[in-house]
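A short write-up of the structure that comes next.
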Amino acid sequence: MKFMITGKNIALTDALKNTVEKKLGKLEKYFNPEVEIHATLSVQKTRQIIEVTIPFNGILLRGEESTTDMYSSIDNVVDKLEKQIMKHRTRLERRTHEGSLRLMNVPSEVVEEDEPQVVRTKRFAVKPMDADEAVLQMDLLGHDFFVFRNADSNEVNVVYKRKDGNYGLIEPEF
C-alpha cells in the first residue's frame, strides 16, 4: 500500500508519519499492494482530526475521527474503516469482482445482518435557485441536505449541513 500523508496546521513528525503508516498498515490484509491511502491530519483548536480516504475500483472508503489526542484519533479511524469493510462485505464483493479488495480476509460470519435497501422513492419539482436560497429552504424544512437546480449553471446541485455547522455544496461533474 502506498501512503499519502498530509498535514494542516500540524507539523508532521517522523514519529507521527510512522504511527499512521503502522496503524493503517493493518488494513493491508484487505487490499492489494497498489492501493493508495490518503491520510490528512489536522488540528482545529483542541480537536486532533484524521481523515482517511481509500479509493479502489471506483469505490471510495472514507473515515474521519476527531479527539483531543491525535494518536487516539488514528486508532479510532482504523477501527471505523475495518467496521465499514466488514459491514459492507457483501456489497463490496458484488462490485469488485477482481481488483483491489481482498475479501477473503474479511470474516464472513460477522456480516450476517440484513442488507439495507431502498424502501422509499421521493419525487419533487426542482426549482431553479441559488445556493443561499437552497440553504434557507433546507433549514426551513429541517433537513440535513437539499437538492436543487442551480439558477446560474442550470445543473442539479446539493447543499448539505456539515458537522462543523457550516454548509457544503456538491456540484457534480458529468
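The opening residue of the sequence shown carries number 0 in numbering that gives the first Met the number 0; numbering runs sequentially from there. Yeah, the Cβ is synthetic: ideal placement off N, Cα and C, and Gly gets one too.
**From 140, 86 and 129, residue whose alpha carbon lies closest to that of residue 114** = 86
Exercise for the section: Rounded to whole angstroms, what's the CA-CA distance from residue 109 to residue 49? Just pull it up for me. Expected result: Interpretation of residue 109 is limited by its pLDDT of 48, a score under 50 that renders its predicted location unreliable; the figure taken from the coordinates is listed afterwards. Near 26 Å, if we compare the C-alpha coordinates of residue 49 and residue 109.
*asked:* So, under 8 Å CB-CB, residue 42 and residue 23 are touching, yes? Tell me the CB distance rounded to an integer number of Å.
replied: Actually they are not in contact, since the Cβ atoms of residue 42 and residue 23 sit about 19 Å apart, beyond 8 Å.
Tell me which residues share the same chain as residue 127 and place their Cβ nearer than 6 Å to its Cβ, disregarding the 5 neighbours each side in the sequence.
148 and 150
Query raised in the report: If you drop the 5 nearest sequence neighbours on each side, which residues of the same chain put their C-beta closer than 6 Å to that of residue 167?
Result: 159 and 161
| message | DSSP has residue 64 in a bridge; who is on the other side? | response | 49
May I ask which residues mark the beginning and end of the alpha helix (DSSP H) holding residue 221? Outside the modelled stretch of the chain, which goes from 0 to 173, sits residue 221, for which no answer is possible.
**Prompt:** Taking the beta strand (DSSP E) that residue 7 falls in, what are its first and last residues?
**Reply:** 1-7
query = Do residue 144 and residue 155 have their C-beta atoms closer together than 8 Å?
reply = no
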